[in-house]
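First the structure, in the form of structure tokens, and then the observations on it.
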Amino acid sequence: MKRLLYFALFILILVSTTMTPQTLNLLPVPEKITLGEGNFVLTHSFDISIKGNPDKRIYPYATRVLRRLSGRTGLFFPQDFLTEKSIEDTADCIISVEQPGKVLLNEDESYSLQVFSNKILLKSKTDLGAMRGMETLLQLLQNDDSAYF
0 MKRLLYFALF ILILVSTTMT PQTLNLLPVP EKITLGEGNF VLTHSFDISI
50 KGNPDKRIYP YATRVLRRLS GRTGLFFPQD FLTEKSIEDT ADCIISVEQP
100 GKVLLNEDES YSLQVFSNKI LLKSKTDLGA MRGMETLLQL LQNDDSAYF
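Quick look at the structure:
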């Protein structure tokens, strides 16, 4: 009888693990995730634009994110570093920030990250939220035999 119980438990665990949908391992865990169809394919022409009214700390931070992305993919991007003049509507990744953030308890660090097949949009109330969103973007990086997406 115990054997039958163990066998049934094993089958139940096996079936439940194979039926779970693919989950994203993101930290911190986002409040809401909506997965769509398709991928944004990362190419050597990838660039970032920062719009709005962020604190100046976001520019070197975004440059470091670009370097980390280059290091993980082996792609060399034409954009050397980001500055306050890095404002282009045609950029592959557009980061919009409403105001500078303050490092305080209960500061709004929320963000909205939308990845389309031709563009990435990151919107945040504060630059701190945009920085969290860039980290999430790095965590979402995947690859197959032919591309990074």
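Those letters in the sequence shown? Residues 0 to 148, per numbering that gives the first Met the number 0, in order.
Ideal Cβ positions, reconstructed from N, Cα and C, are used throughout, including at glycine.
All figures in this text were calculated on a predicted structure; none of them were measured in a lab.
Does residue i come out as helix, strand or coil in the three-state DSSP assignment?
| i | result |
| --- | --- |
| S69 | helix |
| V64 | helix |
| T125 | strand |
| I94 | strand |
| G51 | strand |
| L163 | Since the first residue of the chain shown is 0 and the last is 148, residue 163 is not available in this structure. |
| Q113 | strand |
| I86 | coil |
Suppose you measure from the CA of residue i to the CA of residue j; what does that come to, to the nearest Å?
| i | j | result |
| --- | --- | --- |
| R131 | L25 | 11 Å |
| D91 | P99 | 23 Å |
| D144 | F39 | 15 Å |
| K84 | L41 | 23 Å |
| K118 | K50 | 15 Å |
| K122 | Q113 | 9 Å |
| G35 | V102 | 33 Å |
| T33 | T82 | 31 Å |
Relative to the alpha-carbon of residue i, which residue among the options has its alpha-carbon at the smallest distance?
| i | options | result |
| --- | --- | --- |
| K124 | S111, M133, E134 and T135 | S111 |
| V64 | F45, K118 and D107 | F45 |
| N105 | G128, F115, V114 and P53 | G128 |
| F80 | L121, Y147 and Y60 | Y60 |
| S109 | T82, D88 and T135 | T135 |
| D88 | M133, L139, I57 and L120 | L120 |
| A146 | H43, Q138 and R56 | H43 |
Give the C-beta separation of residue i and residue j to the nearest angstrom, bearing in mind that I take them to be a contact with Cβ-Cβ under 8 Å.
| i | j | result |
| --- | --- | --- |
| I47 | I94 | 7 Å |
| E97 | N52 | 6 Å |
| D107 | R56 | Actually they are not in contact, since the Cβ atoms of D107 and R56 sit about 16 Å apart, beyond 8 Å. |
Original post:
Between the segment 27 to 37 and the segment 61 to 72, do three or more beta carbon pairs fall short of 8 Å?
Top reply: no
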